[in-house]
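In what follows, a single structure is set out as structure tokens and then discussed.
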């Protein structure tokens, strides 16, 4: 077994600060019941922060954003499971910005511990971080944390409401609440009398308990079943309302042009040509860019493009070569963190051992959501209303209020469906621009929409990174792995942007996917080197695991081949005594893919495994040499999500994660020249298209008592599984991404 459970002095200091914070103010905050933020009209009742009952029935309020991942349907199922509401009667709303909707799980997941090997003390530290999340009103959708955070909260919301409704019915029927049962939105007495939730709601408000008994898994009728998505009909018929669909009366449209040298100033601009263009109503100086308000989006974008601007320089090296020189140079400095150190990675080479080493490089990546960034804002002079697809409504509310010098309570944020987020909509920069534009158009609603180019060239990118690995193998087994990972810290930047706080302690996001993998290697060290660069970076689907999965699993594969071992069997041996859950997942993907079955000479097969967001995922990819190029032929995925709340939705998330990972692996790359991002649209920042998609099979295991992540864990193994398959086919190792630069892929 590894020594990941040990507590280093530095980690103890970080943990101690968290625990002390919990003692000082967190416990009080946690014990204080959050105010119910829901407001209701006449004839409506709200029993708690997650439920509204009106004349039509039950509305379930979900605190996490819906961006295609099925979160709102599954969270609603958790409430409905305890409340006894018919599935077809459920309506879902997104909750407003509020303390009640804090996400404790996402902060706890940021602690520098390996999920599979947490001690009781480490779990306690995570619980204290939940207090901090509540204090900060940390209402965020991200980190594959929605189900982990909501699993108990949402069921308890339904259970307490159920008991309140039974208590109200007991008063009216003059029976004991224990004699009553609930079904399909009604309370039913032993003699068959029924009272609807609608009729009981107003009275039930007076009977809300603080807690209630949750039903055992054996009684679940929704959880663990594949339920129809609640948004399926609207999205299939084109009636679902996304942020970009907002159309309030009197709407005007805005486009922006910001400095393409990210973080640079705007020295001056000439808007003389734009002023006379059709439909233009106002040109606004934003300080670091300009905006045009017009009668439609196209006219606004045409006009803003006509504005000539003298831009200042970027605060980072001017091109990709120079940027990666800085990243490479950080290897020469002492590591910022060593999050795994088993044995002695610098021990002399054992007699008869084989030494190997490799250097890997991955590029910066854009989020490239299908729906470009947009926000609709109405400023009335003393209040602001925002309609914007976002992953962090409290952050949007707070920063828009600050920008307009309003009280936070004067800003309302409506969160509609969004066409992808992947972490980008966890920021707030574009919403502040929309608010500032709206202030210049007081009394008129304005929708600001980024052009595709503006969106892609003003991102908070997945950091580019490099890795240097050394290893030794002997007698078919791993003896040493010594890995160093260099790149920017998205966590440090985010903490500064979001909370105005300097990041302290070990940076898990920089090393996750490498230090926290369930392999038993006698001498095993993973160190992080942070590059001092000001390229804007942020959280991207699977964060550090997106690049460390490629680094770590590519090198594990190289070690297996150096040891003369089968790549799957080599990994299984390393996992056997480390984590049974991961072992079972890897074994399952071997069976699913018929790993040991016959394989034609023109087929390459690769395997990779990554433990991320509490979920072990293994993937096998097959590639085919067609004679005209190499095609990705088939993909197999096995995962263990603890409790599969909705198995089909878990499958869909694994499928989507694979696609996102393969897109990045094959063609994804953001490059810089003259301080500017060179890519601007899908013609030069492509994704995997339908014709290039492999056949995919997914098997979902569920060996736990609580759910773990599903939205992101399918992404990290995709790149190394494909790279290892290409090696199996061609004998050539992939040491850099995107793969299209070194392999003749049919895409």
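Numbering (the working numbering), first residue to last: -2 to 744.
The C-beta atom is built at its ideal place from N, Cα and C for all residues, glycine as well.
Residue i - containing beta strand (DSSP E), residue span
i           : result
residue 336 : 334 to 339
residue 91  : 88 to 91
residue 733 : Taken as a continuous stretch (DSSP letters only), residue 733 belongs to no beta strand (DSSP E), as it is neither H nor E.
residue 42  : 42 to 45
residue 554 : No beta strand (DSSP E) contains residue 554, which is instead part of the alpha helix (DSSP H) from 542 to 559.
residue 646 : No beta strand (DSSP E) holds residue 646; the alpha helix (DSSP H) holding it covers 644 to 663.
residue 215 : First-last for residue 215: undefined, no H or E at that position.
residue 175 : Looking at the DSSP string, residue 175 is not in any beta strand (DSSP E), and its letter there is neither H nor E.
residue 482 : 474 to 484
residue 525 : 520 to 527
residue 29  : Residue 29 -> no beta strand (DSSP E), and no H or E assigned at all.
residue 463 : 462 to 471
residue 191 : 191 to 193
residue 138 : First-last for residue 138: undefined, no H or E at that position.
residue 308 : 305 to 308
Residue i, buried or exposed, once every other Cβ within 10 Å from all chains shown has been counted against 16
i           : result
residue 599 : exposed
residue 201 : buried
residue 626 : exposed
residue 354 : exposed
residue 149 : exposed
residue 412 : buried
residue 615 : buried
residue 20  : Any reading at residue 20 is ruled out, since the residue's pLDDT is 40, under 50, leaving its predicted position unreliable.
residue 745 : Here the chain covers residues -2 to 744 and nothing more, so residue 745 does not appear.
residue 206 : exposed
residue 264 : exposed
residue 496 : exposed
residue 456 : buried
residue 361 : buried
Straight-line Cα distance separating residue j from residue i
i           : j           : result
residue 739 : residue 659 : 15 Å
residue 711 : residue 663 : 16 Å
residue 453 : residue 678 : 7 Å
residue 30  : residue 197 : 24 Å
residue 548 : residue 463 : 8 Å
residue 293 : residue 432 : 18 Å
residue 190 : residue 231 : 36 Å
residue 146 : residue 139 : 11 Å
residue 410 : residue 73  : 21 Å
residue 223 : residue 70  : 11 Å
residue 477 : residue 570 : 15 Å
residue 597 : residue 557 : 22 Å
residue 121 : residue 105 : 10 Å
residue 624 : residue 744 : 14 Å
residue 228 : residue 592 : 38 Å
residue 722 : residue 499 : 42 Å
residue 313 : residue 672 : 7 Å
residue 544 : residue 184 : 53 Å
residue 254 : residue 567 : 53 Å
residue 491 : residue 35  : 30 Å
residue 717 : residue 554 : 9 Å
Integer Cβ distance of residue i from residue j, believed to fall under 8 Å
i           : j           : result
residue 524 : residue 332 : 4 Å
residue 530 : residue 485 : 5 Å
residue 536 : residue 420 : 4 Å
residue 654 : residue 584 : That pair is no contact at about 21 Å.
residue 442 : residue 377 : Wrong, their Cβ atoms sit about 10 Å apart, outside the cutoff.
Min CB distance residue i to chain D below 9 Å
i           : result
residue 723 : Of the protein chains in this structure there is only one, and it is not chain D.
Those residues which DSSP pairs with residue i across a bridge
i           : result
residue 255 : 286
residue 682 : Residue 682 is not bridged to any residue.
residue 66  : DSSP, once it has assigned bridges, lists no residue as partnering residue 66.
residue 51  : 54
residue 603 : 618
residue 637 : 698
residue 632 : 618 and 693
residue 374 : 383 and 443
residue 414 : 239
Span of the alpha helix (DSSP H) around residue i
i           : result
residue 395 : 390 to 401
residue 229 : 229 to 234
residue 163 : 143 to 170
residue 728 : Note, residue 728: premise wrong, no alpha helix (DSSP H); not H, not E.
residue 492 : 487 to 496
residue 672 : First-last for residue 672: undefined, no H or E at that position.
residue 568 : 564 to 572
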